[in-house]
Every structure is written in structure tokens, then in C-alpha cells.
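Notes follow once the structure below has been shown.
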Amino acid sequence: MMKQLSATDKQLILATQAGLPLCAKPYQQLAQQLQLTEQQVIAKLEQFIQCGIIRRIAVVPNHYKLGYTANAMSVWDIDDDFIDALGEKMAQLPFVSHCYQRPRHLPIWPYNLFIMLHAKDKSTIHTQIQQIKQQLQPHYQRYELLYSSKILKKTGLRLNP
Amino acid sequence: MLSPLERQILNQYQHHFPLSTTPYADMAKALKLSEASVIHCLRGLMRKGVISRIGPVFQAKKMGASTLVAMAVPTERLETVAALINSYEEVNHNYERNHQFNLWFVVIAQTWADIIQLLAEIETITQLPLLNLPMETDYYIDLGFPI
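These protein sequence lines map, in sequence, to chains A and B.
Numbering-wise (this note's numbering), the first sequence opens with residue 260 and increments by one.
Numbering-wise (this note's numbering), the second sequence opens with residue 11 and increments by one.
What follows is the structure, encoded as C-alpha cells:
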């Protein structure tokens, strides 16, 4: 549930969300900027990892630049009794980046499993879909494939003061 | 396009970037290189745009409430409605998709009540129904991305 973030927490999140400084002692540089000690910055980041606010600290690849230009959102109507087992199975596929259960809104929206796919071209996406279908049978009723045609907004996190 | 070293760094450091006083020196030690060559290699990757950043990957849902919203917007109103949606600070992603539900956006706010209020406001202004699709389960397994 909602974690209460302190003012320092928020400053640290805002200062690091675009990346760490690329210098020999990046945490020290952050510390100076935020008027903390280097050890405080490191301890705070460790704490964020422990509570899940930070998933990992990473060299984050730009998938698009690496040629992964086909990104699709596939949505599936899965039998409720099987959704956890199948969701966990789908999340293990190497080309699946995110796999979420979300509520249906019947009758207009019957889909309860969202599987995000990444590939270098659309034909590979279709191969991936075939693979997913095989694994979900006979516990899915239908699916749809949605491509993003336009990014209308994409910003970093904004935190209310 | 990528050198073996670049590929190795990308594959090895999508997790566990060192949280130590000298992370690049630690990487250098593991890769049997100098600290300067690690920094040089990462600068190159950054300049080429192959890496978008080096740093924490945050999980927004741990910082407050969030949801995914879909709307079916008539094509001739898409631009206006998208502009309205984008004007909210709480909206951080907004995509047009090839579907009857053609507008998909993510809302992040402090509390669930804030989200409900914001969505009600959007419905009132646009007079268009929306699908509120908060995540119920995240079947996430942290595999990184093989390159």
C-alpha cells in the first residue's frame, strides 16, 4: 500500500530518475547536490530496494535503439481459475516484458490478462502470439493485439510535493 | 553494431549495478578492465543512445496509487481529448492504439481517491466513458533483457 515518502525521499527519487551521474563517485555527487552524506544516499537507496520502490539499479537499454521497434500489448480473456498459474507462466517467456492481471469490464471489455511483447518486427510478434496461444489453450476464450500508433505523452515520474 | 564489451556490460548490468562508493571501479574489477575504460564504454553507449540511463528502475505503484485507463474517442476529437488528458500532471504515459479503445494512459496519484476524482472529472468534461483498469496482480519476473 501507500508508502509515506519523506521530503528527502522525494528529492532523491527526482534526482535519480533520469539516471545517476556518470562519474567515478556518483553517489557522492548526488549527496553533495542533496546536502546528504554519501552513506545516507547509499543507505536510502538500499532501503528503497528493500521496500520495492526501486526494482533494481541498472544500465537501462533503449530497446527501440537496439532494433526492438515492434511493441505490442496483447490482451487475453483467461478462465479465472487458471489466471495465476498462466500469468506466472507467461511472465517467464523471454519476450514478455510485463504481464498483469487487470479487471474485466463486461460486456465491453472481457480481457483480464495483459501481456506486453517486444520484438524487432511485427512478424516476430505474430510468432510470439502463436507460442502464447499454445500455452494458454484451452483456458483462454479470445484475445486482441494492440499496437501503439503514437506516443502522445511520456514523462518521468512526477511526485506531489 | 555493439562490441563484445558493450554487449557484455548491457547483459551483465541490467541488474545489480553496484551500490557502492565506487560503482564503476567495482564493475571494472569484475570485468578485468580499468575504471576509465568502463566509464568510456558507458559514455559511448549513452552517446549512441543504446542505453537510456544508468540508474534506479522505480516501481510507481509502491509510491502511491496508479491505474491504466482506456477511452474510446471519436477520431475527430482525439487531438482535443489527448490534450486534455496530457494536461494532468498525474498522467505520465499516454498512447494512441489501433483499437476501438484508442487512447490508453497511466495515472499516478497519491491516493486511490485522487484517481477516482480525476477520472470522474475527465468523464464529465469529455462525456466519454472510460475503462479503469488498475493492476490486480503483477506476474513480474525480473529477467532483464537479453541483448
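Glycine included, every Cβ here is placed at the ideal spot set by N, Cα and C.
All values reported here derive from a predicted model rather than from experimental measurement.
Pairing Asp124/B with Ser265/A, the inter-Cα distance amounts to about 19 angstroms. Three or more Cβ pairs drawn from the stretch 24-31 of chain B and the stretch 315-326 of chain A lie within less than 8 angstroms of each other, which places the two stretches in contact. Note on the stretch 117-148 of chain B: whole alpha helix (DSSP H) runs with a minimum of 4 residues are 122-136, in chain order.
Within the DSSP bridge table, the entry for Ala277/A names no partner.
For Ser333/A, the three-state secondary structure derived from DSSP is strand. In its chain, beyond the 5 residues on either side, Val355, Cys358, Leu372, Ile374, Ile391, Gln394 and Leu395 have a beta carbon closer than 8 angstroms to the beta carbon of Met349/A. The residues Leu41, in chain order, have a CB closer than 8 angstroms to that of Gln18/B in the same chain once the five nearest residues on each side in sequence are set aside. Neighbours of Gly65/B in chain A, taken as residues whose beta carbon is under 8 angstroms from its own, are Thr275, Gln276, Ala277, Gly278, Leu279, Ile316, Ala317 and Val319 in chain order.
Taking Leu129/B as reference, the option from Ser44/B, Ala38/B, Asp36/B and Leu94/B with the minimal CA-CA separation is Leu94/B. For Lys39/B and Gln288/A, the gap between their C-alpha atoms comes out near 22 angstroms. At a C-beta separation below 8 angstroms, Pro366/A has no neighbours in chain B, since its nearest C-beta there lies roughly 12 angstroms away.
Residue pairing by DSSP places Met81/B opposite Leu113/B and Leu140/B in a beta bridge.
A Cβ of chain A is located within less than 9 angstroms of the beta carbon of Ile49/B. Secondary structure at Met375/A: strand, using DSSP grouped into helix, strand and coil.
At a beta-carbon threshold of 9 angstroms, the residues of chain B lying near Ala350/A are Asp148, Tyr149, Tyr150, Ile151 and Leu153, ordered along the chain. The residue among Asp36/B, Gln110/B and Asn96/B with its C-alpha nearest the C-alpha of Val116/B is Asn96/B. DSSP places Ser408/A in no alpha helix (DSSP H) but in the uninterrupted beta strand (DSSP E) bounded by Tyr399 to Lys413.
Remark: C-beta atoms of Tyr34/B and Gly346/A do not approach each other more closely than 9 angstroms. Taking 9 angstroms as the threshold, the shortest C-beta distance from Ala378/A to chain B does not fall below it.
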